[in-house]
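Numbering (this note's numbering), first residue to last: 148 to 487. C-beta: ideal position from N, C-alpha, C; glycine also. Quick caveat: nothing in here was measured; it's all calculated off a predicted structure. Below you'll find the structure, written out as structure tokens, and then a few comments.
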């Protein structure tokens, strides 16, 4: 099987089973005669199409299976209704919960309308309660991070693409607390697909037409790679591995906001602001850094970046590795204390 430009070895029985599931007509491709075209706000969709050199005329909508024509009547498919937010359940509820009890809601918003606009609104809501810490907490043993925006976007897109829109009155829920972020999507894993299937690299989408439109609008880069991208970004950021669980006919994705507990071995050093910023970067990025990284994260010129790294070398916080264009610096004391 081909997945993300890689050849993946799969069992023949699994391939037959999954291919048979793909032959079933998906809910998002079905015509919905409860709505007329006059019920659908096409302005936002038309704008998104124009930005990607597409049109929302009859021929284009037919080509993308967003409408179907029967005799002289034109009806929308569920894909068009979902993308434009016309389905009653095509909504996202976002909540900020108390750290002591998930049932205590401190703030909550329900987002409706165009699905992509909903995702952007959720991201803005999360930014209010998930600020980025740019300096290390020198007197604590835990370092709290926000969750990388790329991972959050992938998690929200996965919920939108893979949720079960046939479940009436069931909306996507996003719950943020001080310890975790949960994205809860209505419906179990699609049909007979299991979590093990997903991790083997099988690409299967409950709503292929919605996914296709997102691909055409450049909202997603490729299909079937969302989970791998989530794992990549959270691992790169130094967060605990996220989890996926099926509960009460829902799939629950959990991002953990706390990194594993680590002693901070630099408290006794008088570090400058730039040096502290570099140490934070080291903790979050595999304990290695180069001059270009320092220039970027500290917003300084090359001379200051080199001076900052030289200061950390003299304080025995980092050591220089290799020479020339391949030079990088790695943390010494974290390695000596077996913390990586």
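>> Helix, strand or coil for residue 353? Go by DSSP, reduced to three states.
In response: Residue 353 falls in the coil class under three-state DSSP.
> Does DSSP put residue 289 in a helix, a strand or coil?
Replying inline: Note on residue 289: pLDDT 44, under 50, position unreliable in the model; the coordinate value appears next. In this structure, residue 289 counts as coil in the three-state DSSP scheme.
> Around the Cβ of residue 218, are there at least 16 other Cβ atoms within 10 angstroms (buried) or fewer (exposed)?
Replying inline: So residue 218 counts as exposed.
> Taking the C-alpha atoms as reference points, what is the distance between residue 228 and residue 308?
Replying inline: For residue 228 and residue 308, the gap between their C-alpha atoms comes out near 14 Å.
> Counting only runs that start and end within the stretch 187-219, where is the beta strand (DSSP E) found for 3 or more residues in a row?
Replying inline: The beta strand (DSSP E) runs of length 3 or more contained entirely in the stretch 187-219 are, from start to end of the chain, 214-217.
>> Give me, in chain order, the residues of the same chain whose beta-carbon lies closer than 8 Å to that of residue 276; leave out the 5 immediate sequence neighbours on both sides.
In response: So the list reads 243, 254 and 323, once near-sequence residues are dropped.
> From which residue to which residue does the beta strand (DSSP E) around residue 321 run?
Replying inline: Counting along the chain, the beta strand (DSSP E) containing residue 321 begins and ends at 319-323.
>> Would residue 465 and residue 459 qualify as a contact pair, given that the criterion is a beta-carbon distance under 8 Å?
In response: It is a contact, given that the beta carbons lie within the stated cut-off.
> Secondary structure at residue 468, three-state DSSP: helix, strand or coil?
Replying inline: Shown here, residue 468 sits in a strand according to DSSP, grouped into three states.
> Grouping DSSP H, G and I as helix and E and B as strand, with all else coil, what is residue 246?
Replying inline: Coil.
> Shortest alpha-carbon distance to residue 199 belongs to which of 472, 451, 310 and 362?
Replying inline: Comparing Cα-Cα distances from residue 199 to each of 472, 451, 310 and 362, the minimum goes to 362.
> Along the chain, which unbroken stretches of the beta strand (DSSP E) at least 3 residues long are found entirely within the stretch 379-404?
Replying inline: Within the stretch 379-404, the complete beta strand (DSSP E) runs of at least 3 residues are 390-393 and 397-403.
> Does the pairing of the stretch 385-398 with the stretch 314-332 give three or more beta-carbon distances under 8 Å?
Replying inline: Contact between the stretch 385-398 and the stretch 314-332 is present: three or more C-beta pairs spanning the two stretches fall below 8 Å.
>> For residue 235, tell me which candidate among 453, 317, 180 and 475 has the shortest Cα-Cα distance.
In response: Nearest option by C-alpha distance: 317.
> Which residue from 394, 215 and 455 puts its Cα closest to that of residue 177?
Replying inline: Considering only 394, 215 and 455, the residue with the shortest C-alpha distance to residue 177 is 215.
> Leaving out the 5 sequence neighbours to the left and right, which residues in its chain are closer than 6 Å to residue 475 when beta-carbon positions are compared?
Replying inline: Within the same chain, residue 475 has close Cβ partners 435, 437 and 468.
> How about residue 478 and residue 429: are their beta carbons less than 8 Å apart?
Replying inline: For the 8 Å CB-CB criterion, residue 478 and residue 429 form a contact.
> Thinking C-alpha only, which one of 403, 452 and 387 is nearest residue 419?
Replying inline: Of the listed residues, the one whose Cα sits closest to residue 419 is 452.
> Based on the DSSP output, what are the partners of residue 241 in its beta bridges?
Replying inline: Answer is 256 and 321, bridged to residue 241.
>> Is it buried or exposed, residue 312, if we count other Cβ atoms within 10 angstroms and call 16 or more buried?
In response: Around the Cβ of residue 312, a 10 Å sphere holds 16 or more other Cβ atoms; the residue is buried.
> Taking just the CA atoms, how far does residue 444 sit from residue 455?
Replying inline: Rounded to the nearest whole angstrom, the C-alpha separation of residue 455 and residue 444 is 12 Å.
> Using the rule of at least 16 other Cβ atoms within 10 Å of the residue's Cβ for burial, across every protein chain shown, is residue 288 buried or exposed?
Replying inline: Low confidence applies here, because residue 288 scores a pLDDT of 40, under 50, leaving its location unreliable and the question unanswered by this model.
>> Per the DSSP calculation, residue 327 is bridged to which residue(s)?
In response: Per DSSP, 403.
> Where does the unbroken alpha helix (DSSP H) through residue 272 begin, and where does it stop?
Replying inline: Counting along the chain, the alpha helix (DSSP H) containing residue 272 begins and ends at 262-276.
> So who's on the other strand from residue 475, going by DSSP bridges?
Replying inline: Bridge partners of residue 475: 468.
> According to DSSP, which residues form a beta bridge with residue 461?
Replying inline: Residue 461 pairs with nothing; no bridge assigned.
> Mind checking residue 457: buried by the 16 CB within 10 Å criterion, or exposed?
Replying inline: With fewer than 16 other Cβ atoms inside 10 Å of its own Cβ, residue 457 counts as exposed.
>> Please classify residue 210 as buried or exposed, where buried requires at least 16 other C-beta atoms within 10 Å of its C-beta.
In response: Under this definition residue 210 is an exposed residue.
> Quick one: what's got a C-beta closer than 7 Å to residue 203's C-beta in the same chain, skipping five residues either side?
Replying inline: Same-chain partners within the cutoff: 189, 192, 193 and 196.
> What residue from 461, 237 and 425 has the CA that sits closest to residue 314's CA?
Replying inline: Of the listed residues, the one whose Cα sits closest to residue 314 is 237.
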